[in-house]
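Sequences listed follow chains L and Y, in order. Numbering of the first sequence is given in the UniProt record's numbering, commencing with residue 1 and proceeding in unit increments. Numbering of the second sequence is given in the UniProt record's numbering, commencing with residue 1 and proceeding in unit increments. Yeah, the Cβ is synthetic: ideal placement off N, Cα and C, and Gly gets one too. Data block below; observations after.
There are 2 protein chains.
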Amino acid sequence: MSEFKLHCFAESGNAYKAALMLELSGLDWEPVFVDFFHGQTRQAGWRDEVNEQGEVPVLEHAGQTLTQSALILDYLAGYSGRFGPQSEEERREIWRWMLFDNHKFTSYYATLRFIYGLKHSGETPVTTFLRERAKAAYEIVDAHLAKRSFMLGERLTIADLSLAGYVFMPEDTGMDLAVYRHIEAWKDRIRDLPGWKSPYELMPGRSAQA
Amino acid sequence: MSEFKLHCFAESGNAYKAALMLELSGLDWEPVFVDFFHGQTRQAGWRDEVNEQGEVPVLEHAGQTLTQSALILDYLAGYSGRFGPQSEEERREIWRWMLFDNHKFTSYYATLRFIYGLKHSGETPVTTFLRERAKAAYEIVDAHLAKRSFMLGERLTIADLSLAGYVFMPEDTGMDLAVYRHIEAWKDRIRDLPGWKSPYELMPGRSAQA
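Here it is in structure tokens:
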């Protein structure tokens, strides 16, 4: 049995944040497939037993259960000694960006991608709204990355792994991503890391279970 | 000059999270009015000098500048010794709920309230979408509060102050809040705390500056 179990599914960029951290840190982990598309996370039993917040990822380790990707990243960095802060100032800078990610960067883009890219809604007032919000968040991160290689400077941290949750998802969101050229360059730098894998390589998904 | 300066405006529930924490902790603070409704947070100069993320609250203390309400709450709890975690397990539980708040509870409700309650959009596909998402988040928090007085048990923590950012805002959002009876009871408990004040009492707003 692996030391870490990650409840996840391949289409979840929030789960990918944790999966990529486990993989890049060389930890002994295995995925536990969550059948999100058949409503598993909405079942009362799943919420009672696994996560009352109704979300993945959920990490099991040493008798503990952790939820929320940013908190899981923080926990794993503490455990492995990799990709975490090296000072109190860095700790705050990491959390500042992980919070911005949860509130705006991941949030709007992931919801847009779910509706437009996975459910194939076509263009609606909601997708237009979400795309405008996603663009505003992308612009802020792009401007930040114009001045540094990674979110905190020249070294990859869990802030990068948080923000990178959805940027490697292949589905079309109707956004022209090429205009965010600093984000694109940052994605290339992450993709070049030893051990990097895409979401669909790291976790079981819908097609794998069909 | 006050020890703490909080860049804020009364309509911001995210700023209220920090303002209420400062007030309940008995700290020496003063607000610095941010003219959000005339675009101050979107100005390049403001972003360069105050907050590249384009948001309030921003806290100034002892030569440091902090952004992101959850991080400010964490910082103030550490400084004042009030409303913070008493163990590593509590620390994780606090962050777990502050992250859920940023991602879903505050996020959808606040955006709905801004569009529907402040900009008076009327009902649109976007407000319908946001309200459904807000309801799902409210249900999760309501179920959690059915079993305890505050988010972590019988004691107020910064997790409560984060989630309470928008629940005292008076504007109509088209949501029937009475159905969330555990949230309503929790609001009453917070309102009864010594020193509690409403957002519009604590911070300068549009009408105050008109």
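C-alpha gap between residue i and residue j, whole angstroms
i: residue 82/L; j: residue 25/L; result: 7 Å
i: residue 145/L; j: residue 109/L; result: 18 Å
i: residue 198/Y; j: residue 42/L; result: 35 Å
i: residue 22/Y; j: residue 50/L; result: 35 Å
i: residue 206/Y; j: residue 37/Y; result: 8 Å
i: residue 128/L; j: residue 118/Y; result: 21 Å
i: residue 204/Y; j: residue 17/Y; result: 15 Å
i: residue 140/Y; j: residue 1/Y; result: 42 Å
Three-state secondary structure (DSSP) of residue i
i: residue 187/Y; result: helix
i: residue 153/L; result: strand
i: residue 4/Y; result: strand
i: residue 97/L; result: helix
i: residue 61/Y; result: strand
i: residue 208/Y; result: Any reading at residue 208/Y must be qualified, since the residue scores a pLDDT of 48, below 50, and its modelled position is unreliable; the value itself is stated next. Looking at residue 208/Y - three-state DSSP - the assignment turns out to be helix.
i: residue 67/Y; result: strand
i: residue 114/Y; result: helix
i: residue 32/Y; result: strand
i: residue 193/Y; result: coil
i: residue 128/Y; result: helix
i: residue 169/L; result: coil
i: residue 40/L; result: helix
i: residue 180/L; result: coil
i: residue 203/L; result: coil
i: residue 148/Y; result: coil
i: residue 76/L; result: helix
i: residue 15/Y; result: helix
Partners in chain Y for residue i, counting only beta-carbon separations shorter than 7 Å
i: residue 107/L; result: 103 and 107
CB contact check: residue i to chain Y, cutoff 8 Å
i: residue 167/L; result: no
i: residue 52/L; result: yes
i: residue 158/L; result: no
i: residue 22/L; result: no
Residue-chain proximity (residue i, chain L), Cβ-Cβ < 8 Å
i: residue 45/Y; result: no
i: residue 144/Y; result: yes
i: residue 95/Y; result: yes
i: residue 92/Y; result: yes
CA nearest to the CA of residue i, picked from the options
i: residue 130/L; options: 178/L, 114/L, 143/L and 141/L; result: 114/L
i: residue 5/Y; options: 21/Y, 58/Y, 35/Y and 12/Y; result: 58/Y
i: residue 62/L; options: 3/L, 155/L and 126/L; result: 3/L
i: residue 162/Y; options: 126/Y, 151/Y and 176/Y; result: 151/Y
i: residue 73/Y; options: 27/Y, 120/Y and 54/Y; result: 27/Y
Amino acids of chain Y, ordered along the chain, whose beta-carbon sits closer than 8 Å to that of residue i
i: residue 32/L; result: Those do not exist, as residue 32/L stays about 19 Å from chain Y at its closest Cβ, beyond 8 Å.
i: residue 70/L; result: 95 and 99
Amino acids of chain L, ordered along the chain, whose beta-carbon sits closer than 9 Å to that of residue i
i: residue 85/Y; result: Neighbours of residue 85/Y on chain L: none; closest Cβ ~13 Å, over 9 Å.
i: residue 58/Y; result: In chain order: nothing, as chain L lies at least about 11 Å away.
Beta-carbon neighbours of residue i, restricted to chain Y and to distances below 9 Å
i: residue 19/L; result: Here the premise fails: no neighbours, minimum Cβ distance about 18 Å.
i: residue 140/L; result: 47, 52, 53 and 54
Under 7 Å from the C-beta of residue i: neighbouring residues of chain L
i: residue 124/Y; result: 125
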